[in-house]
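Undergrad: Would you mind keeping the following structure in view while I ask a few things?
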Amino acid sequence: MRLTQLLSDSPRNAILIGLCFLVLLILPWLHLLPETSSFHLSAYWITLIGKIMALAMVALALDLVWGYAGILSLGHGLYFALGGYAFGMYLTRETAGTGLPDFMRFLSWTELPWYWAGTQHFWWAMALVVLVPGLVAFIFGYFAFRSKIKGVYFSIITQAMTYAAALLFFRNETGFGGNNGFTGFTTLLGYDITASSTRAVLCFTTALALLLSYLGLRYLMSQPYGRVLGAIRDSENRLQYLGYRTLWYKLSAWVLSAVIAGIAGALYVPQVGIINPGEMNPVNSIEMAVWVAAGGRGSLIGAIVGAGAINAIKTYFTVAYPEFWLLILGGLFVVVTLFLPNGIIGVLDRFKKEKE
Amino acid sequence: MSHYPSYYKSDAQANYSNKTFIIALLSLLLLIAITSAAHAHETPIAHSHGEKLSTNTVAATSNAVSEETLLAQDDTLLAQNKQSLTTPANLAISKGDAIEQFVAADFTKRQTMLNQWPGSVESLDTLVELIKNDELYQGNGGQTYLLNSEDELFTYPAKQLTTEWPSDLAQVTLTNTLRSALVFGQAKVKLESNDPTQRVQAVAILADNIEQLDPALISTAATNEQDDDVKTALSTLQARIDFRDGDVAKQIAALTVLADSDSPQVLVDVKKALAADDIDPVLKSALLDAEDSIEQRITISTWIGHLFTGLSTASILLLAALGLAITFGLLGVINMAHGELIMIGAYATYMVQNLFQAYFPSMTGWYLVAAIPVAFLVSAIIGMIIERIIIRPLYGRELETLLATFGVSLILMQLVRMIFGAQNVEVSNVDWLSGAYQVSSSLVLPFNRIAIIGFTIIILMLLVYLLNKTRFGLFVRAVTQNRQMARAVGISSARIDMLAFGLGSGLAGLAGCALAQVGNVGPDLGQTYIIDAFLVVVVGGVGQVWGAVLASLGLGVSGTVLEIGIGAVMAKIVLLVLVILFIQKRPQGLFALKGRFVD
Chain A
1 MRLTQLLSDS PRNAILIGLC FLVLLILPWL HLLPETSSFH LSAYWITLIG
51 KIMALAMVAL ALDLVWGYAG ILSLGHGLYF ALGGYAFGMY LTRETAGTGL
101 PDFMRFLSWT ELPWYWAGTQ HFWWAMALVV LVPGLVAFIF GYFAFRSKIK
151 GVYFSIITQA MTYAAALLFF RNETGFGGNN GFTGFTTLLG YDITASSTRA
201 VLCFTTALAL LLSYLGLRYL MSQPYGRVLG AIRDSENRLQ YLGYRTLWYK
251 LSAWVLSAVI AGIAGALYVP QVGIINPGEM NPVNSIEMAV WVAAGGRGSL
301 IGAIVGAGAI NAIKTYFTVA YPEFWLLILG GLFVVVTLFL PNGIIGVLDR
351 FKKEKE
Chain B
1 MSHYPSYYKS DAQANYSNKT FIIALLSLLL LIAITSAAHA HETPIAHSHG
51 EKLSTNTVAA TSNAVSEETL LAQDDTLLAQ NKQSLTTPAN LAISKGDAIE
101 QFVAADFTKR QTMLNQWPGS VESLDTLVEL IKNDELYQGN GGQTYLLNSE
151 DELFTYPAKQ LTTEWPSDLA QVTLTNTLRS ALVFGQAKVK LESNDPTQRV
201 QAVAILADNI EQLDPALIST AATNEQDDDV KTALSTLQAR IDFRDGDVAK
251 QIAALTVLAD SDSPQVLVDV KKALAADDID PVLKSALLDA EDSIEQRITI
301 STWIGHLFTG LSTASILLLA ALGLAITFGL LGVINMAHGE LIMIGAYATY
351 MVQNLFQAYF PSMTGWYLVA AIPVAFLVSA IIGMIIERII IRPLYGRELE
401 TLLATFGVSL ILMQLVRMIF GAQNVEVSNV DWLSGAYQVS SSLVLPFNRI
451 AIIGFTIIIL MLLVYLLNKT RFGLFVRAVT QNRQMARAVG ISSARIDMLA
501 FGLGSGLAGL AGCALAQVGN VGPDLGQTYI IDAFLVVVVG GVGQVWGAVL
551 ASLGLGVSGT VLEIGIGAVM AKIVLLVLVI LFIQKRPQGL FALKGRFVD
């Protein structure tokens with residue numbers, strides 16, 4: 001399969017999308033230019049771009065299960081936060097050095113809880129970033145899909161899950177810093193986390209991860225596996241009559257989606273410098289669904305566009321008109337679902353067809 | 001499917017269903033209004049207990065009370081007039097009510113007053129309450145003032161808010177002698193009352209002050225007593241006195257009575273006696289038996305208390321979930337804005353309260369009666385608008401509906417925040433719902449919780465009636481079970497959708513009205529209850545009223561019990577996990593609709 005086909009079905013779009021990704025991969029390095037240069041990007045912008053790209057990865061993950069397999073998750077914030085926490089554990093250990101993290105000393109704990117073992121090693125933290133969300137998703141998904149929970153039922157249960165997890169992480173006794181979560185990180189692999197070079201590398205890594213997940217998912221969806229997922233969305237029963245074990249298709253897509261969300265969380269945390277249980281707030285998770293819906297379900301580039309567009313609007317409004325942001329977000333939910341069933345991408349497609 | 005024949009018999013016209021619905025709706029409102037009015041009639045009694053001194057005395061209340069007071073005052077004035085011959089200085093202040101006299105009086109006068117209270121029982125209760133809350137003040141040569149906790153000064157007995165602060169305002173405080181005179185004076189007046197509940201209260205007051213109690217008072221009271229409840233209370237108190245002072249034989253005899261008590265005070269007494277050195281072995285075994293028995297009784301009444309709390313939590317859950325169960329069952333969509341409809345119901349209650357305070361200050365205590373239908377209608381109308389504009393165009397796309405209604409919930413929440421502010425607003429408790437019913441010494445049931453349970457049961461019965469016995473209910477059930485078939489026999493499913501959605505939303509409004517009485521009212525009110533309400537619907541099964549009842553009972557009671565065991569947060573987590581596990585076994589909820597269709 002050629003690279004252009006991986007980027008998009010139509011060659012012209014492939015070039016456009018490829019160019020966009022190229023820009024995203026180059027942008028981080030502009031931060032390293034001297035501040036006098038007119039191409040210099042400030043730390044604010046580099047962090048913002050990195051942040052939005054991490055969120056776009058979650059949108060990709062959500063699009064995989066919702067757009068392709070027809071499973072709407074209202075709890076992807078959970079996997080995102082779990083990945084973030086796993087990496088946050090490593091950063092906290094780096095900051096604390098050989099001693100205990102601050103929040104544990106405030107609770108007058110004398111030793112680390114067992115699940116913190118090995119988190120001072122970068123590789124183990126990275127493994128946790130993949131393993132924890134994957135395992136949680138596997139266990140939850142196995143039971144949920146096995147008993148054929150679907151539709152709104154499934155959505156409500158995922159929402160309840162992330163709500164329960166948020167409550168759990170809010171507790172100091174859970175050992176993840178309670179309300180405040182982890183913050184005040186200083187170094188990453190020995191490098192100063194606020195240094196421009198570290199920021200640039202982090203932002204670049206996020207762009208790369210976004211590109212790789214996009215290409216990977218594009219490839220996967222063009223394979224028979226992707227066709228089966230689409231068939232599950234359209235008529236699961238018929239597929240079962242044809243002899244497919246839909247449980248494993250759904251479950252694998254679900255776990256893969258959770259892992260991508262977890263990695264996105266891990267990339268998000270060092271850039272924004274904080275992770276707390278607020279990320280598991282059910283509202284955040286529902287917001288993710290609207291990114292996908294706004295961009296265009298079932299179109300991977302749509303998820304990225306949607307996440308980017310809405311977060312850009314959000315960044316502007318939460319600063320300029322904070323009281324109107326929720327109204328706009330609410331309005332987006334309504335407008336997108338009522339008038340843009342296929343999102344921004346759907347509108348563009350229709351435009352193009354009309355032109356032809 | 002037993003109701004199908006009635007379809008065929010009738011000419012199922014769409015406008016017919018509409019009329020039935022309106023009649024049913026009106027009768028629902030009417031019944032609610034009547035039941036609430038019935039509640040409100042309790043006002044004079046509850047108020048006169050002096051639980052809360054409201055700014056504006058309810059007209060009806062003061063009528064009932066003051067008549068009694070006036071009668072009592074006639075006697076008082078006679079007595080005062082006799083006194084005034086000897087002390088002419090008292091003449092000026094001997095008019096007015098007993099509390100006013102008490103405040104103006106000097107030490108000895110106060111003592112005599114307390115020994116022989118000149119006013120009514122209620123006025124004495126009020127006095128005790130005022131002194132206990134540090135609200136009673138004196139100024140400008142013996143005038144009485146009330147100063148509440150928000151530093152608002154009222155004149156007495158007119159109870160008018162005043163801004164003219166007297167220069168020498170001083171709190172009325174009592175010396176220990178007066179304090180005990182007050183306590184025993186109160187108990188004495190109550191003991192002589194004709195109302196058995198007053199006499200039980202008197203015994204409870206005496207029991208609290210057992211240290212200074214004169215045993216003779218109890219024995220004389222016991223010989224004259226006819227009422228069983230008062231007798232039991234008196235004999236327990238007598239036994240406690242015997243147990244404290246008597247010899248071993250008397251103590252053992254007393255213990256047989258005390259063993260039937262569930263009072264923590266008695267348990268303390270018994271434990272104290274057990275801790276002493278060299279106790280008589282017979283006494284010791286009696287003590288141990290009594291201790292076991294009392295502890296058991298206390299445990300039982302504590303658990304009954306927990307069960308009651310669980311029941312009231314369950315009824316709150318049910319109120320929040322009933323409307324959701326109907327709309328979910330009917331349209332197959334989750335209305336994420338349901339929580340905000342609850343919130344709007346609570347704000348409607350708040351608005352009605354403010355309107356009453358502004359325009360009918362004399363009827364403030366009745367605002368709840370008006371708030372119930374208003375909350376229902378406001379939420380119902382908003383719900384129907386949501387159904388028309390947002391839910392109908394998305395028919396058959398449940399997941400999108402979920403997202404769209406979530407957007408609506410964000411908008412509603414933010415609008416309320418912009419109009420009313422982000423802070424909680426104050427919905428005051430109605431006087432006749434504050435206070436509590438004392439079942440036994442370790443079991444107290446608050447009135448507002450009892451009222452919520454009662455309210456929920458009434459709503460539930462009306463709803464079941466509406467769904468099972470009216471034409472509208474028949475149509476709703478028909479559309480829920482088989483939309484195509486229902487349409488085929490001439491039911492306008494679109495209209496039923498809208499009306500039923502209005503009904504579900506109206507129920508949310510009622511829930512908000514009830515919740516305003518027990519919890520905070522703020523823009524986030526809906527969020528607090530919505531996830532729990534979802535769980536009730538998911539566990540109960542789609543569109544099943546009885547499923548929702550069972551589920552909310554299960555979740556409410558087990559939630560409360562778990563909360564006692566492992567704390568609120570862990571309880572919630574455990575409950576969520578249990579629900580997720582439950583769904584594994586019964587994906588369609590407790591009561592699944594039976595049918596042969598797939599998807």
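Protein sequence lines, in the order shown, are assigned to chains A and B. So in the numbering used here, spot 196 of the first sequence is number 196, and the numbers just go up one at a time. So in the numbering used here, spot 344 of the second sequence is number 344, and the numbers just go up one at a time. Don't be surprised by glycine CBs; every beta carbon is placed ideally from N, CA and C.
Measuring only between beta-carbons, confirm whether E135 of chain B sits less than 8 Å from chain A.
TA: Along the second sequence, read from residue 1 onward, the residue named residue 135 of chain B stands at position 135. It does not: the Cβ of E135 of chain B has no partner Cβ on chain A nearer than 8 Å.
Undergrad: Can you give the Cα-Cα distance for D9 of chain A and T318 of chain A, rounded to whole angstroms?
TA: Residue numbering aside, residue 9 of chain A sits at position 9 when the first sequence is read from its first letter. Residue numbering aside, residue 318 of chain A sits at position 318 when the first sequence is read from its first letter. If you take the alpha carbons of D9 of chain A and T318 of chain A, they lie about 36 Å apart.
Undergrad: Tell me which residues share the same chain as V416 of chain B and place their Cβ nearer than 7 Å to its Cβ, disregarding the 5 neighbours each side in the sequence.
TA: In the second sequence, residue 416 of chain B corresponds to position 416, counting from 1. Cβ within range, chain order: M343, Y347, P523.
Undergrad: Under a three-way DSSP split, which group does V65 of chain B fall into?
TA: Numbered from 1 along the second sequence, position 65 holds the residue referred to as residue 65 of chain B. The predicted model places V65 of chain B with a pLDDT of 38, which falls under 50 and marks its position as unreliable, so this point remains unresolved.
Undergrad: Indicate whether A303 of chain A and P28 of chain A have their beta-carbon atoms separated by less than 8 Å.
TA: Translated into the one-based positions of the first sequence, residue 303 of chain A becomes position 303. Translated into the one-based positions of the first sequence, residue 28 of chain A becomes position 28. Against a cut-off of 8 Å, the Cβ pair of P28 of chain A and A303 of chain A comes out as no contact.
Undergrad: At a Cβ cut of 9 Å, what residues of the segment 409-429 of chain B count as close to chain A, listed as they run along the chain?
TA: Per Cβ criterion, the list reads S409, L410, I411, L412, M413, Q414, L415, R417, M418.
Undergrad: Do V121 of chain B and V189 of chain B have their CB atoms nearer than 8 Å?
TA: Here the question's residue 121 of chain B lines up with position 121 in the second sequence. Here the question's residue 189 of chain B lines up with position 189 in the second sequence. In contact: V121 of chain B and V189 of chain B (Cβ atoms closer than 8 Å).
Undergrad: For G178 of chain A, does the three-state DSSP call read helix, strand or coil?
TA: The sequence position of residue 178 of chain A within the first sequence is 178, counting from 1. Three-state DSSP puts G178 of chain A in a helix.
Undergrad: From this set, B:L311, B:I218, B:L322, B:L403, which residue's C-alpha is nearest L553 of chain B's C-alpha?
TA: Within the second sequence, numbered from 1, the residue matching residue 553 of chain B stands at position 553. The option with the nearest alpha carbon to L553 of chain B is B:L311.
Undergrad: Specify, as a first and last residue, the run of the alpha helix (DSSP H) that A511 of chain B falls within.
TA: Position 511 of the second sequence, counted from the first residue, corresponds to residue 511 of chain B. 493-518 is the extent of the alpha helix (DSSP H) around A511 of chain B.
Undergrad: Check the Cβ of P393 of chain B against every Cβ in chain A and list those closer than 7 Å, keeping chain order.
TA: Within the second sequence, numbered from 1, the residue matching residue 393 of chain B stands at position 393. Result: L338.
Undergrad: Expressed to the nearest angstrom, what Euclidean distance is found between the alpha-carbon atoms of N468 of chain B and R477 of chain B?
TA: On the second sequence, residue 468 of chain B is found 468 positions in, with the first residue counted as 1. On the second sequence, residue 477 of chain B is found 477 positions in, with the first residue counted as 1. Cα to Cα, N468 of chain B sits roughly 8 Å from R477 of chain B.
Undergrad: Between the C-alpha atoms of T76 of chain B and D289 of chain B, what's the straight-line distance to the nearest angstrom?
TA: Counted from its first residue, the second sequence places residue 76 of chain B at position 76. Counted from its first residue, the second sequence places residue 289 of chain B at position 289. Confidence in T76 of chain B is poor, its pLDDT being 41 and thus under 50, which makes the residue's placement unreliable; the coordinate value appears in the next sentence. Distance between the alpha carbons of T76 of chain B and D289 of chain B is about 51 Å.
Undergrad: Just mark G308 of chain A as buried or exposed, buried being the case when its beta carbon has 16 or more other beta carbons within 10 Å.
TA: Working through the first sequence from its first residue, we reach residue 308 of chain A at position 308. Classification for G308 of chain A: buried.
Undergrad: Per DSSP, what kind of secondary structure is L32 of chain A in: helix, strand or coil?
TA: Locating residue 32 of chain A in the first sequence gives position 32, counting from the first residue. The answer is coil: DSSP assigns L32 of chain A none of H, G, I, E or B.
Undergrad: Under the DSSP definition of a beta bridge, which residues are partnered with T183 of chain A?
TA: On the first sequence, residue 183 of chain A is found 183 positions in, with the first residue counted as 1. In DSSP, T183 of chain A forms a bridge with A:I274.
Undergrad: State the start and end residues of the unbroken alpha helix (DSSP H) segment that holds A436 of chain B.
TA: Counted from its first residue, the second sequence places residue 436 of chain B at position 436. No alpha helix (DSSP H) contains A436 of chain B, which is instead part of the beta strand (DSSP E) from 436-440.
Undergrad: Which residue wins for smallest C-alpha separation from F406 of chain B, given the options A:K355, A:Y191, A:L74?
TA: In the second sequence, residue 406 of chain B corresponds to position 406, counting from 1. That would be A:L74, whose Cα lies nearest to the Cα of F406 of chain B.
Undergrad: Should F360 of chain B go down as buried or exposed, given a rule of 16 or more other Cβ atoms within 10 Å for buried?
TA: For this step, residue 360 of chain B is matched to residue 360 along the second sequence. By the neighbour-count rule (16 or more Cβ atoms within 10 Å), F360 of chain B is not buried but exposed.
Undergrad: Between L107 of chain A and the rest of its own chain, which residues show a CB-CB distance below 7 Å, the 5 nearest in sequence each way excluded?
TA: The count along the first sequence starts at 1 and reaches residue 107 of chain A at position 107. Here the set comprises N172.
Undergrad: By the three-class DSSP mapping on this structure, what secondary structure does F154 of chain B have?
TA: Start at 1 with the first residue of the second sequence, and residue 154 of chain B comes out as number 154. In this structure, F154 of chain B counts as strand in the three-state DSSP scheme.
Undergrad: Can you tell me whether DSSP reads Q527 of chain B as helix, strand or coil?
TA: Here residue 527 of chain B refers to the residue found at position 527 when the second sequence is read from its first residue. Reduced to three states, the DSSP call for Q527 of chain B is helix.
Undergrad: Quick one: does E340 of chain B have its CB under 8 Å from some CB of chain A?
TA: Translated into the one-based positions of the second sequence, residue 340 of chain B becomes position 340. For E340 of chain B, the answer is no, since every Cβ of chain A falls outside 8 Å of its Cβ.
Undergrad: Measuring CB to CB, does S315 of chain B end up less than 8 Å from I210 of chain B?
TA: Numbered from its first residue, the second sequence carries residue 315 of chain B at position 315. Numbered from its first residue, the second sequence carries residue 210 of chain B at position 210. Not in contact: S315 of chain B and I210 of chain B (Cβ atoms no closer than 8 Å).
Undergrad: According to DSSP, is Q171 of chain B part of a helix, a strand, or is it coil?
TA: Within the second sequence, numbered from 1, the residue matching residue 171 of chain B stands at position 171. Strand.
Undergrad: At 4 residues or longer, and completely inside the segment 255-332 of chain A: list those alpha helix (DSSP H) runs for me, N to C.
TA: If we require 4 residues or more, the alpha helix (DSSP H) runs fully inside the segment 255-332 of chain A come out as 282-295, 300-320.
Undergrad: Which residues in chain B sit within 9 Å of G151 of chain A, going by Cβ to Cβ distance?
TA: Numbered from its first residue, the first sequence carries residue 151 of chain A at position 151. Near G151 of chain A (Cβ distances below 9 Å), the residues of chain B are G332, E398, L399.
Undergrad: Taking 6 Å as the limit between beta carbons, can you name the residues of its chain near D106 of chain B, skipping five residues before and five after?
TA: Within the second sequence, numbered from 1, the residue matching residue 106 of chain B stands at position 106. Contacts found: none.
Undergrad: Pull the bridge partners of P446 of chain B from the DSSP assignment, please.
TA: Taking the first residue of the second sequence as 1, we reach residue 446 of chain B at position 446. Per DSSP, B:A436.
Undergrad: Would you mind giving the Cβ-Cβ distance between S507 of chain B and L330 of chain B, rounded to the nearest angstrom? I have them listed as a contact below 8 Å.
TA: The residue labelled residue 507 of chain B in the question sits at position 507 within the second sequence. The residue labelled residue 330 of chain B in the question sits at position 330 within the second sequence. The identity of residue 507 of chain B in the sequence shown is Leu, whereas the question assumes Ser. Contact doesn't hold; Cβ gap of about 13 Å is too wide.
Undergrad: To the nearest whole angstrom, what separates the beta carbons of V347 of chain A and L340 of chain A, a pair I think is in contact under 8 Å?
TA: For the purposes of this step, residue 347 of chain A is taken as residue 347 along the first sequence, with counting starting at 1. For the purposes of this step, residue 340 of chain A is taken as residue 340 along the first sequence, with counting starting at 1. That pair is a contact at about 6 Å.
Undergrad: Quick one: is V255 of chain A near chain B, going by C-beta distance under 8 Å?
TA: As a working mapping, residue 255 of chain A is identified with position 255 in the first sequence. It does not: the Cβ of V255 of chain A has no partner Cβ on chain B nearer than 8 Å.
Undergrad: Please tell me whether A365 of chain B and W432 of chain B are closer than 8 Å, where the distance is taken between their beta carbons.
TA: In the second sequence, the residue the question calls residue 365 of chain B occupies position 365. In the second sequence, the residue the question calls residue 432 of chain B occupies position 432. The amino acid at residue 365 of chain B is misidentified as Ala; the sequence shows Gly. Taking 8 Å as the Cβ cut-off, G365 of chain B and W432 of chain B qualify as a contacting pair.
Undergrad: How many Å lie between F308 of chain B and L445 of chain B at the Cα?
TA: By 1-based counting over the second sequence, the position of residue 308 of chain B is 308. By 1-based counting over the second sequence, the position of residue 445 of chain B is 445. Rounded to the nearest angstrom, the two C-alpha atoms are 8 Å apart.
Undergrad: What residues in the segment 224-257 of chain A have a beta carbon less than 7 Å from any beta carbon of chain B?
TA: Cβ contacts with chain B: N237.
Undergrad: Take every Cβ of the segment 30-46 of chain A, pair it with every Cβ of the segment 283-291 of chain A, and state whether three or more of those distances are shorter than 8 Å.
TA: Result no; under three Cβ-Cβ pairs closer than 8 Å.
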